[in-house]
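First up is the structure itself, then whatever we jot down about it.
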Amino acid sequence: MNDLLRHFQENRGGLIHKWSHYFEVYDRHFARFRDRRPVLLEFGVSHGGSLQMWKAYFGEQAVIYGVDINPACKALEEERIHIRIGDQGDRRFLQELRNELPPVDILIDDGGHTMEQQIATFEVFFPHVAPDGLYVCEDLHTSYRPKFGGGVRRRGTFIEYAKSLIDALHGWHSRQPRRLSVTEFTKTAFALHFYDSMLVIEKRPREEPTHVRSGNPRIAPFRVPPRRPLFGRLADRWVKFTGRL
Numbered sequence: 147m148n149d150l151l152r153h154f155q156e157n158r159g160g161l162i163h164k165w166s167h168y169f170e171v172y173d174r175h176f177a178r179f180r181d182r183r184p185v186l187l188e189f190g191v192s193h194g195g196s197l198q199m200w201k202a203y204f205g206e207q208a209v210i211y212g213v214d215i216n217p218a219c220k221a222l223e224e225e226r227i228h229i230r231i232g233d234q235g236d237r238r239f240l241q242e243l244r245n246e247l248p249p250v251d252i253l254i255d256d257g258g259h260t261m262e263q264q265i266a267t268f269e270v271f272f273p274h275v276a277p278d279g280l281y282v283c284e285d286l287h288t289s290y291r292p293k294f295g296g297g298v299r300r301r302g303t304f305i306e307y308a309k310s311l312i313d314a315l316h317g318w319h320s321r322q323p324r325r326l327s328v329t330e331f332t333k334t335a336f337a338l339h340f341y342d343s344m345l346v347i348e349k350r351p352r353e354e355p356t357h358v359r360s361g362n363p364r365i366a367p368f369r370v371p372p373r374r375p376l377f378g379r380l381a382d383r384w385v386k387f388t389g390r391l
């Protein structure tokens with residue numbers, strides 16, 4: 147059992163509400179920050195339980211920020227947990243918050259879960275995540291729920307937006323620059339990990355990928371014989387089954 151799941155099961159502090167498989171994902175990606183002094187920012191304070199969980203998991207060196215639209219959440223501040231009040235769908239508020247905070251090692255979007263909020267938060271804050279940091283967007287199932295502005299393959303959902311990030315990750319390989327070119331995301335995102343209802347993006351400075359080889363060739367080059375055109379293949383089948391040209 148990992149330490150986050152243990153904390154959750156033994157929790158007597160603020161309410162924590164998560165999907166059960168999240169704890170494995172958290173530990174898989176967050177463990178490398180435990181011997182550091184991470185700055186963690188979580189959108190969505192609720193009852194403050196998850197902020198207390200991060201504080202316990204990362205230890206005394208961690209600096210933790212929470213953001214919520216509910217002014218009552220300000221009362222949940224404690225040592226090393228700082229809370230800001232504002233609407234994550236308001237880009238002006240997000241810009242002001244970004245200007246106030248140091249670069250973020252781990253950002254967790256567990257806020258309002260609407261499409262506008264998720265996209266706005268990503269576009270403003272992804273550049274502010276540290277070069278080797280993590281950007282986590284949770285509860286992506288809302289992209290399929292009309293209540294949150296979602297729907298299967300509906301344009302404008304965060305899931306559809308995230309699919310375009312897969313293209314952006316491969317910008318160096320595009321031969322259609324008007325449709326897909328190298329962007330700042332291409333240069334700063336190392337990997338996208340999709341889980342049920344969660345996306346974890348690893349940041350890392352990248353240069354154009356290069357081929358590497360080692361060892362010696364051991365067989366002659368092989369070329370796949372070209373296939374006959376479709377019309378020719380259909381004609382062959384006609385002859386086979388009818389015996390006539």
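If you read the sequence shown in our numbering, its first letter stands for residue 147, the second for the next number, and so on. Cβ coordinates follow ideal geometry from the N, Cα and C atoms, glycine included.
Three-state class that DSSP yields for residue i in the structure shown
| i | result |
| --- | --- |
| D446 | Residue 446 is absent from the model: the chain starts at 147 and stops at 391. |
| G160 | coil |
| A336 | Reading off the sequence, residue 336 comes out as Phe, not Ala. Residue state, collapsed to three classes: strand. |
| D149 | helix |
| E223 | coil |
| H228 | strand |
| D181 | coil |
| D251 | strand |
| E348 | strand |
Exposure label - residue i; buried when at least 16 CB within 10 Å
| i | result |
| --- | --- |
| I312 | exposed |
| H259 | buried |
| S192 | buried |
| M344 | buried |
| V346 | buried |
| F340 | exposed |
| M147 | exposed |
| S196 | buried |
| T303 | buried |
| F368 | exposed |
| L280 | buried |
| D382 | exposed |
| D214 | buried |
| V185 | buried |
Among the options, the one whose alpha carbon lies nearest that of residue i
| i | options | result |
| --- | --- | --- |
| T288 | I210, N362, I305 and T388 | I305 |
| K164 | M147, M199, V185 and D181 | M199 |
| T329 | F340, Y341 and R352 | R352 |
| R183 | F204, R291, L286 and A177 | F204 |
| E188 | N157, D149 and R230 | R230 |
| D256 | N245, A276 and Y211 | Y211 |
| R174 | L150, K333 and G195 | L150 |
| S166 | P248, Q264, G160 and F154 | F154 |
| F268 | G235, A218, R178 and P323 | G235 |
| A335 | E354, R324 and P323 | E354 |
| P292 | Y281, M261 and F271 | M261 |
| A276 | F179, N157, G160 and R158 | F179 |
| V250 | P363, I265, R373 and V282 | V282 |
Residue i: first and last residue of the uninterrupted alpha helix (DSSP H) it sits in
| i | result |
| --- | --- |
| V185 | Per DSSP, V185 belongs to no alpha helix (DSSP H); it is in the beta strand (DSSP E), V185 to F189. |
| D313 | F304 to L315 |
| M261 | M261 to F271 |
| Y172 | Y168 to F176 |
Limits of the unbroken beta strand (DSSP E) element including residue i
| i | result |
| --- | --- |
| H193 | Element bounds for H193: n/a, residue is neither H nor E. |
| V328 | Segment: none, V328 is in no beta strand (DSSP E) and carries neither H nor E. |
| A276 | V275 to E284 |
| I210 | V209 to D214 |
Any 3 or more C-beta pairs closer than 8 Å across the stretch 220-233 and the stretch 170-184: no
Segment contact, 8 Å Cβ cut-off, at least three pairs: the stretch 312-328 with the stretch 267-286: no
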